[in-house]
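One structure below.
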DNA sequence: ATACGGCCCGTACTCGACTACGGAGTTCAG
DNA sequence: CTGAACTCCGTAGTCGAGTACGGGCCGTAT
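Spelled out as C-alpha cells, the structure:
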C-alpha cells in the first residue's frame, strides 16, 4: 500500500493538468489504456500515464485531432506490428509536421516584421502584416 | 463587367478550398470583412480575400482557434492602432509560436527515431517512440 | 464510527466550428 | 427568354471534444 500501488485518477488529472472526466473520456476513446483496478473498482494508473496525457494535450494544441493522436500513439503496436507499414505512416506524419513547422515559421517572420515596423514608429495601419501572413503560397 | 468586378462567393470558396457557408460564417464572426454588394445583394469579393481565407485555414490546422486568428488578423487595426500595444501582442504570439515549433520538432525527432529503428529491422514493439514523444518536459 | 472527500458509472449538456435546409431572387449560356 | 446553377437569408442540425450531473460506493483522518 505504498506509492508503488499506482496513482488514482484525480492525482493523474492534477499532474497532467486536465480534469478527471477528460481522462475517462480519453479512456473511452482509446487514447489512454484501461488501467488495472483495485477490488473497489478504482483505477490505478502507472505514473507514465501522466506523460501520455500531457502528450495528448500538446498534440492537440498543435492542431492534431484526437483521431490523429490516437494513430500516433498506436504507431508502435498497430498494423499487426508490421514494420514497413508503421514506417510509412511515421514518414507521412513527418512530412505533415514539416509543413506545420514551415507555416509557423512564416507566421513568425510576418509577426517579426510587424514588430520591427512598430519599433520604427511607423504608423500601425501601415504594417505589412496581413500581406505577409496571407501570402500567396497556401497549403 | 470584366474580371475587375470582383469574385462571387462561390468562386472565392472554390479558390480557397472551403464551402460557401463557411465564408458567410467567417463574415458573421468578423474573420472576413463584409464585401461590397451588387444591387442584387450578391457579395463581390476582392481577390485577396482568397488569401485571407487560406490563411485562416492554415492557422486552424496549426491549432489556433478562430478567436485567436481573429486577433492575429486584427493586430494591425485593433487597440485603436496604438503601436506599443500591438507590438506586445505580436511578441507574445511569437513566443507562443516558438513553443509550437519546438514541440513539433520534438515529435519529429521521435518519429525519426522510430523510423530508424524500423529500418534496422528492430521489432516494432521495441521502438522507443512513445517514450520519446511523451517525454518528461511538458508544455 | 463517521463524515467528507474521492471515485464509480451512465447520461445529458455545452461550446466551437461548421454544414445543411428551404424558399426566394439573380445570372448567364444556349 | 428560359432553365440550370448560383446566391440570398435565417434557422436548425451535426460533429468533435470535452464538461457536468446525480446517486451511490470507497478510504481515511479525526
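Residue numbers (our numbering), protein chains in the order written: chain V, 344 to 482; chain E, 344 to 482.
For every residue, glycine included, the Cβ atom is placed at its ideal position computed from N, Cα and C.
Bear in mind the structure is a predicted one, so any value in this text is a computation, not a measurement.
Any 3 or more C-beta pairs closer than 8 Å across the region 453 to 463 of chain V and the region 350 to 360 of chain E = The answer is no - the region 350 to 360 of chain E does not touch the region 453 to 463 of chain V, with fewer than three Cβ pairs under 8 Å.
inquiry  = If the criterion is Cβ atoms closer than 9 Å, does the pair residue 359 (chain E) and residue 413 (chain E) meet it?
reply    = Contact flag unset, no.
message = DSSP three-state label for residue 416 (chain V), please.
response = Secondary structure of residue 416 (chain V) (DSSP, three-state): helix.
inquiry  = Which residue marks the beginning of the alpha helix (DSSP H) containing residue 369 (chain E), and which one marks its end?
reply    = Residues 363 to 371.
query = Is DSSP giving residue 350 (chain E) helix, strand or coil here?
reply = In the three-state reduction of the DSSP assignment, residue 350 (chain E) falls in the strand class, which pools E and B.
request  = Would you mind giving the Cβ-Cβ distance between residue 418 (chain V) and residue 431 (chain V), rounded to the nearest angstrom? I have them listed as a contact below 8 Å.
outcome  = For a cut-off of 8 Å, the C-beta gap from residue 418 (chain V) to residue 431 (chain V) is around 11 Å, too long to register as a contact.
ask   = From what residue to what residue does the alpha helix (DSSP H) around residue 462 (chain E) run?
value = From DSSP, the alpha helix (DSSP H) with residue 462 (chain E) extends over 426 to 462.
query = Got a sec: which bits of the region 401 to 414 of chain V sit with their beta carbon under 9 Å from any beta carbon on chain E, in order along the chain?
reply = From the region 401 to 414 of chain V, only 401, 402, 403, 404, 405, 406, 407 have a Cβ closer than 9 Å to chain E.
task = Thinking residue 411 (chain V) and residue 444 (chain E) are a contact (beta carbons under 8 Å), I'd like their distance in whole angstroms, please.
result = About 18 Å; that fails the 8 Å criterion.
ask   = Given that residue 444 (chain V) touches chain E, what residues does it touch there, using C-beta distances under 9 Å?
value = Counting only Cβ-Cβ distances below 9 Å, residue 444 (chain V) has contacts in chain E at 443, 444, 447, 448, 451, in chain order.
ask   = By how many angstroms is the C-alpha of residue 356 (chain E) removed from the C-alpha of residue 363 (chain E)?
value = As the crow flies, the alpha-carbon of residue 363 (chain E) is around 5 Å from that of residue 356 (chain E).
task = Kindly indicate the opening and closing residues of the alpha helix (DSSP H) around residue 394 (chain E).
result = Taken as a continuous stretch (DSSP letters only), the alpha helix (DSSP H) holding residue 394 (chain E) covers 392 to 404.
query = If you draw a straight line from the alpha carbon of residue 440 (chain E) to that of residue 408 (chain E), how long is it in whole angstroms?
reply = In a straight line, the C-alpha of residue 440 (chain E) is about 13 Å away from that of residue 408 (chain E).
message = Does the CB of residue 356 (chain V) have a neighbour CB from chain E at under 9 Å?
response = The beta-carbon of residue 356 (chain V) is placed no less than 9 Å from the nearest beta-carbon of chain E.
query = In chain V, which residues lie less than 9 Å from residue 366 (chain E) when you measure between Cβ atoms?
reply = Against chain V, a Cβ distance below 9 Å from residue 366 (chain E) picks out nothing, because the smallest value is about 15 Å.
ask   = For residue 373 (chain V), does the count of other Cβ atoms within 10 angstroms reach 16, so buried, or fall short, so exposed?
value = Burial call: exposed.
query = Closer than 9 Å, CB to CB, is residue 361 (chain E) near chain V or not?
reply = Interface with chain V (9 Å Cβ-Cβ cutoff): residue 361 (chain E) is excluded.
task = Starting from the C-beta of residue 399 (chain E), find all residues in its chain whose C-beta is less than 7 Å away, skip the five residues before and the five after it, and write them out in chain order.
result = For residue 399 (chain E), the CB contacts under 7 Å within the same chain, skipping 5 residues up- and downstream, are 369, 374, 412 in chain order.
request  = Starting from the beta carbon of residue 374 (chain E), find every residue of chain V whose beta carbon is closer than 7 Å, and list them in chain order.
outcome  = The contacting residues do not exist; residue 374 (chain E) stays about 12 Å from chain V at best.
Residue 365 (chain V) versus residue 416 (chain E): straight-line alpha-carbon distance, rounded = Roughly 32 Å between the two C-alpha positions.
Nonlocal neighbours in the same chain, by C-beta distance under 8 Å from residue 482 (chain E), ignoring five residues either side = Confidence at residue 482 (chain E) is low in this model, with a pLDDT of 33, below 50, so its placement is unreliable and the value that follows should be read with caution. 442, 446.
query = When the distance is taken between beta carbons, is residue 392 (chain E) closer than 9 Å to residue 378 (chain E)?
reply = The answer is yes: Cβ separation under 9 Å.
Residue 457 (chain V): contacting residues in chain E (beta-carbon distance under 7 Å) = Correct list: 418, 433.
key: Residues near residue 406 (chain V) in its chain [Cβ-Cβ closer than 8 Å; skip 5 each side]   = Excluding residues up to 5 positions away in sequence, 443 lie with their Cβ nearer than 8 Å to the Cβ of residue 406 (chain V) in the same chain.
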